[in-house]
Amino acid sequence: MGIPGGGLAKGLAVTLRNLSRRAHTHQYPDHKPDLPPRSRGVIALLEENCTVCMLCARECPDWCIYIDSHKETVETPGAARARQRNMLDRFAIDFSLCMWCGICIEVCPFDALYWSPEFEFAEYDIRDLLHESDRLREWMWTVPPPPAHDPLGEPAKEVVAADRALAAQRAADAARDEADQIRGEF
Amino acid sequence: MTVWAELILRVIAALTAFLTLPLVVGQLEHKAMAHMQGRLGPMYAGAFHGWAQLIADGVKFVQKEEIVPADADRPVFRLAPAVSLLPYLFVFLVLPLGPNGLVAQPLEIGLFLVLAVVGVGVVGVLMAAWASANKYALLGGVRGAAQLLGYELPFVLSSASVAMAAGTLSLPGIVEAWRPWWLLWQAPAAFVFFVAGLAEIRRPPFDMPIAESELVAGYFTEYTGLRFAFFLLAEYAGIVVISGLTTVLFLGGWRGPFDDAHFGWLWTLLKVFAVAFVVIWVRVSFPRLREDQLQRFCWLVLVPLALAQLVLTAVVRVAL
């Protein structure tokens, strides 16, 4: 039990302190939100990279990716027999079923699918949430470049290997220079 | 002829102040409360931080349908908002804004009139509650009557204290007689007056008659449209009136640190808005008082404090 009225004064002080602070509210849509780099807004398709391996459609837990393809014969000069290639006919994602898990993007071995931060694609009809390949391609222009590496993070394996080889090379050069110097003295 | 022209001009000025100052206080409440709660408050009406929100609210209320319950006592139901609002208009007529007669009507018994007409507010509350044919409105009204009757006593006693100190019931006269050291002398009376004033205008933590979580909206539960707007305007006008009275009676009115008579009206307005800010601040900070707590605080704390202040005022007055 402190001074009588101390609790009241503390309450007043708390509200006054809150008044002096800036509100965190941003007025969307007047103020665009500051999205983090790996925002999951909408899935974009880089059609040139797609080889119709069907991994994304198969791994999708909601079965909301629709892929159609046909095989074409490619005559290669000098080859014993003609080769067959899968040609993509249709690639559609039904965003009314999609749950934004990102498994399709992770499982794609050819980097044909990307996350775009665009999230404003609401429709008045749920059937319009089926995005065909042309629309998925349009999202591709909104995919941001990959974020820079963390300065404090672990360096890439390629960089480590290159540095190690360079250090070994320098050590060998130093040893050879020392041997030449000794031989020169005699 | 000039006397009548001057009189009409003063009344029109008081009416204009009556219509604009509550809107400014309402806007101040919206924004201050919002930022105390980590929100932005009105941002769209008027485009710059929503300065025209109260005007937009007025337009909205005018457009709404005025519903009268089937079992309501129609004439009493319709008159209640006016009875709640008019007392504050009458107070505006006698509140001095600055020196040299800058007041609508400098009555010699201004304080007496103020206390009398503020007491009429309880009639409006009871009319609204009884005529609504709603048990929650009736509960709110009876609570409001108990609260207003209880807090009228410390309200009057603290006013009597400052009137005794000044030796006059005229509000400009009280400001003229005011001395800076009265801030210490009349501090208990100022506290009692402010708290009782909060109860008179039924502001949190003294909003037991309204009590959204228990009684929907208390005595004006059944009111819609323009009548509801009148009750809302009465609430904000009440804030301005209580702030104005506190300023005139206890904070020296137009008296400022610099003895410049030209800016007296500015000092009065600054003090009024400062007190209004405290009213808003108190609303955000404190929860609602229960009925027994409310009455106990009135009769066991405020009334003895006001009586002790009266004794102190009388003693100092006789000694000087």
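If you read the protein sequences in the order shown, they are chains Z and Y. Mapping to my numbering: the first sequence position 149 is 149, numbers consecutive. Mapping to my numbering: the second sequence position 15 is 1015, numbers consecutive. Think of the CB as a built atom: it goes at the ideal place given N, C-alpha and C, for glycine as much as any other residue.
Item: For residue 1282/Y, does the count of other Cβ atoms within 10 angstroms reach 16, so buried, or fall short, so exposed?; Value: buried
Item: Is residue 1313/Y near the ligand SAH, judged by its Cβ being under 6 angstroms from some heavy atom?; Value: In the structure on display, the ligand SAH does not appear, and there are no ligands present to speak of.
Item: If the cut-off is 7 angstroms on Cβ atoms, which residues from the region 1259 to 1284 of chain Y count as contacting chain Z, listed in chain order?; Value: 1281 and 1284
Item: Is there contact here, the region 45 to 55 of chain Z with the region 1066 to 1076 of chain Y, by at least three beta-carbon pairs under 8 angstroms?; Value: no
Item: So which residues on chain Z does residue 1036/Y lean against when the C-beta distance must stay under 8 angstroms?; Value: 15, 16, 18 and 19
Item: Which whole-angstrom value describes the C-beta separation of residue 1059/Y and residue 1091/Y, a residue pair presumed to lie in contact below a C-beta threshold of 8 angstroms?; Value: Not confirmed; about 27 angstroms, so no contact.
Item: CB-CB under 7 angstroms to residue 1061/Y, same chain, minus the five flanking residues each way: which ones, in chain order?; Value: 1225, 1226, 1228 and 1229
Item: Anything in chain Y within Cβ reach of residue 11/Z, meaning under 8 angstroms, just list it in chain order.; Value: 1285 and 1286
Item: Could you please give the first and the last residue of the uninterrupted beta strand (DSSP E) stretch that includes residue 116/Z?; Value: 113 to 116
Item: Looking at the structure shown, is residue 1201/Y part of a helix, part of a strand, or coil, going by DSSP?; Value: coil
Item: According to DSSP, what are the bridge partners of residue 92/Z?; Value: 66/Z
Item: Here's the rule: buried if 16 or more other CB atoms are within 10 angstroms of the residue's CB, otherwise exposed. What is residue 75/Z?; Value: exposed
Item: Taking C-alpha atoms, which residue in 1105/Y, 1109/Y, 1271/Y and 1128/Y lies nearest to residue 1085/Y?; Value: 1128/Y
Item: Using three-state DSSP, classify residue 1268/Y as helix, strand or coil.; Value: helix
Item: Specify the secondary structure class of residue 74/Z as computed by DSSP and reduced to three states.; Value: strand
Item: Does residue 1040/Y get closer than 7 angstroms to chain Z when you measure Cβ to Cβ?; Value: yes
Item: Any idea if residue 1274/Y is buried or exposed, counting beta-carbon neighbours within 10 angstroms, 16 or more meaning buried?; Value: exposed
Item: Buried or exposed: where does residue 157/Z fall if 16 or more other Cβ atoms within 10 Å of its Cβ makes it buried?; Value: exposed
Item: Buried or exposed, going by whether 16 or more other CB atoms sit within 10 Å of the CB of residue 141/Z?; Value: exposed
Item: Can you find a CB in chain Z that lies within less than 7 angstroms of the CB of residue 1043/Y?; Value: yes
Item: Looking at the structure shown, is residue 3/Z part of a helix, part of a strand, or coil, going by DSSP?; Value: coil
Item: In whole angstroms, give me the CA-to-CA distance for residue 1017/Y and residue 1052/Y.; Value: 17 angstroms
Item: Closer than 8 angstroms by C-beta to residue 1134/Y: which residues in its own chain qualify, once you throw out the five before and the five after it? Chain order, please.; Value: 1069, 1221 and 1222
Item: Give the DSSP-derived three-state secondary structure of residue 1134/Y in the structure shown.; Value: coil
Item: Following the continuous beta strand (DSSP E) through residue 43/Z, name the residue where it begins and the one where it ends.; Value: 42 to 45
Item: Hey, could you find the ends of the alpha helix (DSSP H) residue 1248/Y is sitting in?; Value: 1225 to 1250
Item: If you drop the 5 nearest sequence neighbours on each side, which residues of the same chain put their C-beta closer than 6 angstroms to that of residue 37/Z?; Value: 147
Item: Could you check how far apart the C-beta atoms of residue 136/Z and residue 44/Z are, in whole angstroms? I think they sit under 8 angstroms.; Value: 6 angstroms
Item: Near residue 55/Z, what residues of its chain come up, given a Cβ to Cβ distance below 6 angstroms and the 5 sequence neighbours on each side ignored?; Value: 107
Item: Could you name the residues of the same chain whose beta carbon sits closer than 6 angstroms to that of residue 1138/Y, not counting the 5 residues immediately before and after it, in chain order?; Value: 1129
Item: Quick check: is the beta carbon of residue 168/Z nearer than 7 angstroms to any beta carbon in chain Y?; Value: no
Item: Under 7 angstroms between the Cβ atoms of residue 1210/Y and residue 1218/Y?; Value: yes
Item: Could you say which of 1311/Y, 1094/Y, 1151/Y and 1043/Y lies nearest to residue 1121/Y if we only look at CA atoms?; Value: 1151/Y
Item: Can a CB atom of chain Y be found closer than 7 angstroms to the CB of residue 162/Z?; Value: no
Item: Would the region 1187 to 1203 of chain Y count as touching the region 1294 to 1307 of chain Y if we require 3 or more Cβ pairs under 8 angstroms?; Value: yes
Item: Please look up how many angstroms separate the CB atoms of residue 14/Z and residue 119/Z, rounded, as I've assumed it's under 8 angstroms.; Value: That pair is no contact at about 36 angstroms.
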